[in-house]
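Inspection log for the structure reproduced underneath, given as structure tokens.
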Amino acid sequence: MTNLDTAPSEQVCPAAPEGQGPCVQLWPEREVPLGGVRAMNVYRTLPQRGLPTVGAWCFLDSFGPDRVAMSVLPHPHCGLQTVTWPLEGAVRHRDSVGSDVVVRPGELNIMTAGHGISHSEFSVLPSAEVAPEDVPVSRGLQLWVALPDEHRHREPSFEQHRELPVASGDGYTATVMVGEFAGKLSPATMFSPIVGADITGSGTLDLPLRPDFEHAVLVLDGQVAIDGEDIGPGPLAYLGAGRESLTVEAAPETRIMLLGGEPFGEDLLMWWNFVGRTHEEVEKAREEWEAEGLLDDAAAATSRFGFVHGHGPDAGAEAGRIPAPPLPGVKLRPRTRG
Ligand code: MN
Numbered sequence: 040m041t042n043l044d045t046a047p048s049e050q051v052c053p054a055a056p057e058g059q060g061p062c063v064q065l066w067p068e069r070e071v072p073l074g075g076v077r078a079m080n081v082y083r084t085l086p087q088r089g090l091p092t093v094g095a096w097c098f099l100d101s102f103g104p105d106r107v108a109m110s111v112l113p114h115p116h117c118g119l120q121t122v123t124w125p126l127e128g129a130v131r132h133r134d135s136v137g138s139d140v141v142v143r144p145g146e147l148n149i150m151t152a153g154h155g156i157s158h159s160e161f162s163v164l165p166s167a168e169v170a171p172e173d174v175p176v177s178r179g180l181q182l183w184v185a186l187p188d189e190h191r192h193r194e195p196s197f198e199q200h201r202e203l204p205v206a207s208g209d210g211y212t213a214t215v216m217v218g219e220f221a222g223k224l225s226p227a228t229m230f231s232p233i234v235g236a237d238i239t240g241s242g243t244l245d246l247p248l249r250p251d252f253e254h255a256v257l258v259l260d261g262q263v264a265i266d267g268e269d270i271g272p273g274p275l276a277y278l279g280a281g282r283e284s285l286t287v288e289a290a291p292e293t294r295i296m297l298l299g300g301e302p303f304g305e306d307l308l309m310w311w312n313f314v315g316r317t318h319e320e321v322e323k324a325r326e327e328w329e330a331e332g333l334l335d336d337a338a339a340a341t342s343r344f345g346f347v348h349g350h351g352p353d354a355g356a357e358a359g360r361i362p363a364p365p366l367p368g369v370k371l372r373p374r375t376r377g
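Each residue of the sequence shown is one higher than the last, beginning at 40 in my numbering.
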């Protein structure tokens, strides 16, 4: 989905420091200011000023549960992978590399933007004219993974995985979204050492971790205690690196998203839907998206962000594209992490 923030600021994301040992830090979620009246509730836990990344994970929005149809017109991305993880509701994804798929809970969409891609996302509705009370509930996570420098200019691509490996241990089952967890490897193509696992369990969970990874946990349902710290839905719990395992005391029917990865060693500059390295790069991406407008097929074939079929002038309510917001006039100064 697009970054729905109506006035996004540049986010300077310094490279992760080495040697952050085990800890429990709660980073509060913040409500994303949205345009429009009947908008979905969106809460952002990454990036944070003091915690821009966890591994290569650089963006985490939780949306819903709401009876609001998602209708996100074509918009661009570069320098990142989007990871779409629906918890409730089905979403139709179309993109400029020709994909047209529906993603449902338990299924994974991975879109590698590389140097440039555009896509749209619409809730799958039971019929064209749906009463508000009959709109299906939407709930999910939208994550981004920063592409390391050697991969960020690659050709865009898209993959969907409808079956993911499930690992289990004492008291838990884990759907391995990306990377490897408890001996099970996700088929998703990733470009840095990373993990994402959707874990359901109750009681004492003993989760195997890689000590060279830093980790964080987002509670989706229920409640956990980690190192004596009570954590419920809302904030992102940053756990540091250096853990061989993680003991989680989980209330009945608890569900958590475990994220982790090798600390990301590159400075990032994030703005709107772009991940780059400099203000000038982001400015150029914005200018190119704005200049491309609605393209015919021939022009789209050679453009940076391409054309998403199904949103042309004859597409009715689905005609159009999302213009880039204005760039903030003031460049933010780099910040240090921590
Ligand atoms: Mn998007």
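Here a beta-carbon is modelled for each residue, glycine too, at the ideal position from N, C-alpha and C.
### Query
Is threonine 151 near the ligand MN, in the sense that its beta carbon is under 7 Å from a heavy atom of that ligand?
For the purposes of this step, residue 151 is identified with residue 112 of the sequence shown, where counting begins at 1. It does not: the Cβ of threonine 151 is nowhere closer than 7 Å to a heavy atom of the ligand MN.
### Query
Exposed or buried, which one is proline 56 when buried takes at least 16 other CB atoms within 10 Å?
Position 17 of the sequence shown holds residue 56. Classification of proline 56: exposed, given that the 10 Å Cβ count is below 16.
### DSSP three-state assignment for proline 373, whether helix, strand or coil
Position 334 of the sequence shown, counted from the first residue, corresponds to residue 373. Note that proline 373 has pLDDT 47, beneath the 50 cutoff, so the model's placement of it is unreliable and no number is given.
### Query
Does the Cβ-Cβ distance between valine 287 and leucine 259 come in under 8 Å?
Numbered from 1 along the sequence shown, position 248 holds the residue referred to as residue 287. Numbered from 1 along the sequence shown, position 220 holds the residue referred to as residue 259. No, Cβ-Cβ distance for valine 287 and leucine 259 is not below 8 Å.
### Query
Do the CB positions of glycine 300 and tryptophan 124 come within less than 8 Å of each other?
Position 261 of the sequence shown, counted from the first residue, corresponds to residue 300. Position 85 of the sequence shown, counted from the first residue, corresponds to residue 124. Their beta carbons are not under 8 Å apart, which means glycine 300 does not touch tryptophan 124 by this criterion.
### Message
Please tell me whether, using a cut-off of 7 Å, the distance from the CB of histidine 154 to the nearest non-hydrogen atom of the ligand MN is below it.
### Response
To locate residue 154, count along the sequence shown from 1; it is residue 115. No, since every heavy atom of the ligand MN falls outside the 7 Å radius drawn around the Cβ of histidine 154.
### Task
Within 10 angstroms of the Cβ of aspartate 269, are there 16 or more other Cβ atoms? Answer buried if so, exposed if not.
The count along the sequence shown starts at 1 and reaches residue 269 at position 230. By the neighbour-count definition (other C-beta atoms within 10 Å, threshold 16), aspartate 269 is an exposed residue.
#### Entry: Span of the alpha helix (DSSP H), counted from its first residue to its last, around arginine 325
For the purposes of this step, residue 325 is taken as the residue at position 286 of the sequence shown. Element bounds for arginine 325: 318-331.
### Task
Following the continuous beta strand (DSSP E) through phenylalanine 98, name the residue where it begins and the one where it ends.
What you label residue 98 is simply residue 59 of the sequence shown in a count that begins at 1. Boundaries of the beta strand (DSSP E) around phenylalanine 98: 96-105.
### Query
Going along the chain, which unbroken runs of the beta strand (DSSP E) with 3 or more residues stay wholly within the stretch 236-304?
The beta strand (DSSP E) runs of length 3 or more contained entirely in the stretch 236-304 are, from start to end of the chain, 253-260, 263-265, 268-270, 275-279, 284-300.
### Message
Using C-beta distances below 8 Å, list every residue in its chain close to isoleucine 361, excluding the 5 sequence neighbours before and after it, in chain order.
### Response
Taking the sequence shown and counting its residues from 1, the one referred to as residue 361 is at position 322. The residues are Thr41, Val111, Leu112, Pro113, His114.
### Query
Which of helix, strand or coil does DSSP assign to leucine 203?
Sequence index remark: in the sequence shown, residue 203 carries index 164 (1-based). If DSSP states are grouped into helix, strand and coil, leucine 203 belongs with coil.
### Task
Compute the Euclidean distance between the alpha carbons of glycine 267 and histidine 200, then round it to the nearest angstrom.
Here the question's residue 267 lines up with position 228 in the sequence shown. Here the question's residue 200 lines up with position 161 in the sequence shown. Spanning the alpha carbons of glycine 267 and histidine 200 requires a straight line of approximately 36 Å.
### Task
Could you name the residues of the same chain whose beta carbon sits closer than 7 Å to that of valine 76, not counting the 5 residues immediately before and after it, in chain order?
As a first step, residue 76 is located in the sequence shown; it is residue number 37 there, counting from the start. For valine 76, the pLDDT reaches just 49, beneath the cut-off of 50, and the residue's location in the model is therefore unreliable, although a value from the coordinates is still provided. Excluding residues up to 5 positions away in sequence, nothing lies with its Cβ nearer than 7 Å to the Cβ of valine 76 in the same chain.
### Query
Buried or exposed: serine 157, going by 16 or more other Cβ atoms within 10 Å of its Cβ?
Here residue 157 corresponds to residue number 118 of the sequence shown, with the count starting at 1. Buried, since its Cβ has 16 or more Cβ neighbours within 10 Å.
### Message
Spatial neighbours of proline 165 within its chain, please: C-beta separation below 8 Å, excluding the five flanking residues on both sides.
### Response
As a working mapping, residue 165 is identified with position 126 in the sequence shown. Excluding sequence neighbours, proline 165 sits near Asp173, Pro175.
### Query
Helix, strand or coil for valine 76 per DSSP?
To locate residue 76, count along the sequence shown from 1; it is residue 37. Annotation note: pLDDT 49 at valine 76 (below 50); position unreliable, no value reported.
#### Entry: Nearest-angstrom Cα separation, counted from cysteine 52 out to serine 162
The count along the sequence shown starts at 1 and reaches residue 162 at position 123. The count along the sequence shown starts at 1 and reaches residue 52 at position 13. Rounded to the nearest whole angstrom, the C-alpha separation of serine 162 and cysteine 52 is 32 Å.
### Task
Have a look at Arg131, Met150, Ser135 and flag the residue whose alpha-carbon is nearest the alpha-carbon of valine 142.
Locating residue 142 in the sequence shown gives position 103, counting from the first residue. When each option's Cα is compared against that of valine 142, the closest is Arg131.
### Task
Could you tell me if the beta carbon of threonine 92 falls within a distance shorter than 7 Å of some heavy atom in the ligand MN?
Against the sequence shown, residue 92 aligns to sequence position 53. At a cut-off of 7 Å, the beta-carbon of threonine 92 does not count as near the ligand MN: no heavy atom of the ligand is closer than that.
### Task
Let me know if glycine 345 comes out buried or exposed under the rule of 16 or more other beta-carbons within 10 Å of its beta-carbon.
Taking the sequence shown and counting its residues from 1, one reaches residue 345 at position 306. Residue environment: glycine 345 is assigned as buried (16 or more neighbouring CB atoms within 10 Å of its CB, all protein chains considered).
### Message
Is it the case that the stretch 210-222 contacts the stretch 99-106, given that we only count it when at least three CB pairs across the two stretches are under 8 Å?
### Response
In this structure the stretch 99-106 does not lie against the stretch 210-222, because fewer than three pairs of beta carbons, one per stretch, are closer than 8 Å.
### Own chain residues within Cβ distance below 7 Å of glutamate 322, not counting five before or after
Position 283 of the sequence shown, counting from 1, holds the residue named residue 322. Leu366.
### Message
Below 8 Å on the Cβ atoms is my contact criterion, and I expect arginine 294 with glycine 261 to pass it. Report the Cβ-Cβ distance as a whole number of Å.
### Response
If you number the sequence shown from 1, residue 294 lands on position 255. If you number the sequence shown from 1, residue 261 lands on position 222. Right, their Cβ atoms sit about 6 Å apart.
#### Entry: Cut-off 8 Å between Cβ atoms - residues of its own chain near leucine 224, not counting five sequence neighbours on either side
For the purposes of this step, residue 224 is taken as residue 185 along the sequence shown, with counting starting at 1. Cβ neighbours of leucine 224 beyond the five flanking positions: Pro204, Val215, Gly218.
### Query
Taking buried to mean at least 16 other C-beta atoms within 10 Å of its own C-beta, is valine 317 buried or exposed?
If you number the sequence shown from 1, residue 317 lands on position 278. Residue 317 is actually threonine in this sequence, not valine. Exposed, because fewer than 16 other Cβ atoms sit within 10 Å of the Cβ of threonine 317.
### Query
What residue does the beta strand (DSSP E) around valine 217 start on, and which one ends it?
To locate residue 217, count along the sequence shown from 1; it is residue 178. For valine 217, the enclosing beta strand (DSSP E) has its first and last residue at 211-220.
#### Entry: threonine 341 (DSSP reduced to helix, strand or coil)
The residue given as residue 341 occupies position 302 in the sequence shown. Secondary structure at threonine 341: helix, using DSSP grouped into helix, strand and coil.
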